[in-house]
Amino acid sequence: MAGTLFTVPGCSKPCPAWPWTLQGSRGCSPSQGTIPEPTVFCIFLCFAECHQQLPLARSAASWIVGGHEAPEGAWPGVVSLQVLRGGVRFMHLCGGVLLSHRAVLTAGHCVDGRMDPCSWRAVVGAHNLHKHGPYTARRRIRRIIVHSQFKRETFENDVALLELKSAVRYSLYIQPMCLPPAALLPPLENSSDCYISGWGRMAEKGKTSSVLREAQVGILPHSLCNSSEGYAGLVNDKALCAGTWAGGTDSCQGDSGGPLACYHPDTDKFFLVGIASFGVGCGRPRYPGIYVRLSQYRTWIKAKLLLINSTWNPVGSTLSILLAVLHAALAQIL
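Counted from 1, the sequence shown has number 263 at position 263 by full-length UniProt numbering; the numbering is strictly sequential.
Shown next as structure tokens:
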């Protein structure tokens, strides 16, 4: 395939051999981290295991609840979770985050009362939900796993994993998001270099967006968020407050389950630290958005990912499950 070769940003290892072709060409040089310029389908050969790069340059498009349209491909781990309506059409309901080839993380309340996997699908690698591009993957759901202690009244343990019926292939537009290593977890309070993204409402009583939008938010101190002027103690220690105390920047209906990604200066990378859970209205003063603090659910997420992986890789599945159970038990003891 003709085209100018260029180095993939962040690609420091050679492109491995891959028995997958595109128009008669592998699309990757066998000895360099380069690909032909017109090709994006083979780029996953050079990327790391999960999306950690800095977001692309920001665009000044239409404002939503304190945000704007995201550059196409800026957040390749964001997923649109859609529910079947009337038996004929899928409609966007919640956001999600791709964690592996076959697993999507979302909020537990998104699937509460909608536990039939046949009524769901995940759309990955999309920008415009009304115009799926050549890089978009649509997958039906095989299994829904909700945290066993999820409480719909208080949004406690508001996490769920959706297992895809078939794996997605990573590309420039489809990449899993990274949970931060435990050793790198920074104190998040007062951090201002965080982003939210989704297809939710553009105002509290407005319409949902057809294109992916993003907004920069800050992590607010737990004490401020729970003060008598705010949530008055309703936010537990397994949650984060993000937005602004003055209001104006927030996630909204349709963004639930979507990512809160923060920059880690020591590694020069972005990591997934939360998913959108609940709030009072959208962008109201003194009521920032509430996000699941994912550092509190690392053991649960890892155990469920091992369970999903064992379904597709029966060799050693028993050992994987035993290790997951042991890990969870040790976490409870320690």
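From the three backbone atoms N, C-alpha and C, an ideal C-beta is built for every residue, glycine too.
I need the boundaries of the alpha helix (DSSP H) containing residue i, first residue and last residue.
{"i": "Leu224", "result": "His222 to Cys225"}
{"i": "Cys94", "result": "It is not in any alpha helix (DSSP H) - Cys94 instead sits in the beta strand (DSSP E) that spans Arg89 to Leu98."}
{"i": "Cys118", "result": "First-last for Cys118: undefined, no H or E at that position."}
{"i": "Val111", "result": "Gly108 to Val111"}
Please tell me whether residue i and residue j are closer than 8 Å, where the distance is taken between their beta carbons.
{"i": "Cys252", "j": "Gly200", "result": "yes"}
{"i": "Ala74", "j": "Val159", "result": "no"}
{"i": "Pro176", "j": "Leu98", "result": "yes"}
{"i": "Pro117", "j": "Arg142", "result": "yes"}
{"i": "Leu179", "j": "Ala122", "result": "no"}
{"i": "Gly248", "j": "Tyr287", "result": "no"}
{"i": "Asp250", "j": "Gly289", "result": "yes"}
{"i": "Ala182", "j": "Arg85", "result": "no"}
Could you say which of the options lies nearest to residue i if we only look at CA atoms?
{"i": "Glu156", "options": "Trp120, Leu294 and Lys302", "result": "Leu294"}
{"i": "Arg284", "options": "Cys118, Ser228 and Trp245", "result": "Trp245"}
{"i": "Gly243", "options": "Arg138, Tyr291 and Val235", "result": "Tyr291"}
{"i": "Gly67", "options": "Leu179, Val280, Pro117 and Arg213", "result": "Arg213"}
{"i": "Cys94", "options": "Val124, Arg298, Tyr297 and Ser228", "result": "Val124"}
{"i": "Thr154", "options": "Gly87, Ser166 and Ala239", "result": "Ala239"}
{"i": "Gly258", "options": "Ala215, Gly281 and Ala203", "result": "Ala215"}
{"i": "Asp255", "options": "Phe150, Leu234 and Glu204", "result": "Glu204"}
{"i": "Val168", "options": "Phe150, Arg102, Asp266 and His264", "result": "Arg102"}
Grab the span of the beta strand (DSSP E) containing residue i for me, first residue to last.
{"i": "residue 396", "result": "What the structure shows of the chain is the stretch from 1 to 334, and residue 396 is not part of that stretch, so it cannot be assessed."}
{"i": "Gly243", "result": "Ala239 to Gly243"}
{"i": "His264", "result": "Pro259 to His264"}
Could you tell me whether the Cβ of residue i comes closer than 8 Å to any Cβ of chain D?
{"i": "Ala232", "result": "This model lacks chain D altogether, as it is built from one protein chain only."}
Q. Using 8 Å as the threshold, is the stretch 110 to 122 in touch with the stretch 274 to 282, meaning 3 or more CB pairs across them?
A. No, because fewer than three Cβ pairs between the stretch 110 to 122 and the stretch 274 to 282 fall closer than 8 Å, the two stretches do not touch.
Q) Is there contact here, the stretch 197 to 216 with the stretch 77 to 92, by at least three beta-carbon pairs under 8 Å? A) yes
(Q) Pairs of beta-carbons, one from the stretch 253 to 272 and one from the stretch 128 to 142, closer than 8 Å: are there three or more? (A) no
Q) Going along the chain, which unbroken runs of the beta strand (DSSP E) with 3 or more residues stay wholly within the stretch 134 to 166? A) 137 to 146 and 160 to 164
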